[in-house]
Every structure is written in C-alpha cells, then in structure tokens.
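Remarks on the structure that follows.
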Amino acid sequence: ELKLPPADAYHKIRHTLEEINAIIEATYGGDENAPFADPVKGSVCFGSAKYGWSFTLNSFARLYADIRGVDMDTQAFARRLWGDMYFNEETRTFRRKPPPGGGDRSFVQFILDPILQVTDAIMNDKKKKMMKMFKAIGVTLKSDESDLTGKPLLKRVMQKWLPAADALLEMMVVHLP
121 ELKLPPADAY HKIRHTLEEI NAIIEATYGG DENAPFADPV KGSVCFGSAK
171 YGWSFTLNSF ARLYADIRGV DMDTQAFARR LWGDMYFNEE TRTFRRKPPP
221 GGGDRSFVQF ILDPILQVTD AIMNDKKKKM MKMFKAIGVT LKSDESDLTG
271 KPLLKRVMQK WLPAADALLE MMVVHLP
C-alpha cells in the first residue's frame, strides 16, 4: 500500500517492531535485549488482514523447502531471514556483512522481493509472468478464480500462497500458554 522500495519497507517494519517492543517494555517491564515481538523467535506474524494472508519466518522457510523440494533445517534458515543477514549467491552462504558489490538483506531477498514481484505481476496484468510465478510458488487457481483480475486475484493468490490460518495457528501453539 505504501509502495516503498523493498529495503525501505524492511526498515519501516523493523522500526515498527522496535517501537512496539519499547512500548511493551515501558508498560510491562522486560528486557530490551530479549524483545517480546521478535520475528526470529516466531512471535511476529507478517501479513495483511485486508487480503487474508500471513506468515512467520518459520512458515516461510518451510514454504521454501516444500516448493523447492529441499531437505533443510528450516528453523536455521528462518533465523537467517531477519536482521543484518545477507545471502552470498557465489558462496551460497549467509553472512552478517553484504557480499562484495552490495546486496539486499535476506528478508528482502527471500521474502519481500517475491511478494512484491507477485503483486506487481498481478496488479499490472502481466499474464505470462503471473502464470510462471504461480507455478513457482505452488499456487493453482480453479477455473472460476482464473477469471479474476487486480485486487480480487491478488487476494486469492496470496491466500493460497500464504494462508493466514497456518501462521496464526503456529504462533498460538508455540507462544500461548
């Protein structure tokens, strides 16, 4: 909605989480070194209530493993999807410093960019690109859904790709007493 570049969107999200944690700490006490709302701990769910989708870092990491058919430690991957972590394509490793020549943080590279690419393809009616992306992310549309365009199509695709119930249920199971 704000149409921020991915790197700026990441900083906005990070700043918002810092403000939330500061309010919680000031109101209820706590430890600034152990924030309440921490994506790495799984206590943050990213998403859109308007479009009915959400994910945690863990759920997104599992999604990557499932779509790519890769057997990996998804929790270790999820921990690398937040903060000052960068993926170096050449060495296929994560580092705390950007690779030579610069690069995006892993959250931007693996999460925000794909979401924004899907959104752009749908909202700009790029049919060939959409079909290729839907296949890559494992989204299959029913015949009546394939007639949708614009925001209704975006809503349907995002709900199928990143179902809100999965991430919210995961958070409840893991974090509620």
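Note that my numbering has the sequence shown beginning at 121, numbered continuously upward. No residue lacks a Cβ here, since even glycine has one placed at the ideal position from N, Cα and C.
CA-CA distance, residue 125 to residue 285, rounds to 28 Å. In the DSSP assignment, residue 167 falls within the beta strand (DSSP E) that extends over 166–168. The continuous stretches of beta strand (DSSP E) do not include residue 194, which lies in the alpha helix (DSSP H) extending over residues 194–199. When the five nearest sequence neighbours on each side are left out, the beta carbons in the same chain lying within less than 6 Å of the beta carbon of residue 227 are those of 130, 201, 202, in order along the chain.
Taking all protein chains shown into account, residue 296 has fewer than 16 neighbouring C-beta atoms within 10 Å of its C-beta and is therefore exposed. Excluding residues up to 5 positions away in sequence, 184 lie with their Cβ nearer than 8 Å to the Cβ of residue 190 in the same chain. Separation of residue 197 and residue 181 (C-alpha to C-alpha, rounded to the nearest whole angstrom) is 6 Å.
With a 10 Å radius around the Cβ and a threshold of 16 neighbouring Cβ atoms, residue 235 comes out buried. By the CB criterion at 9 Å, residue 240 and residue 246 fall inside the cutoff.
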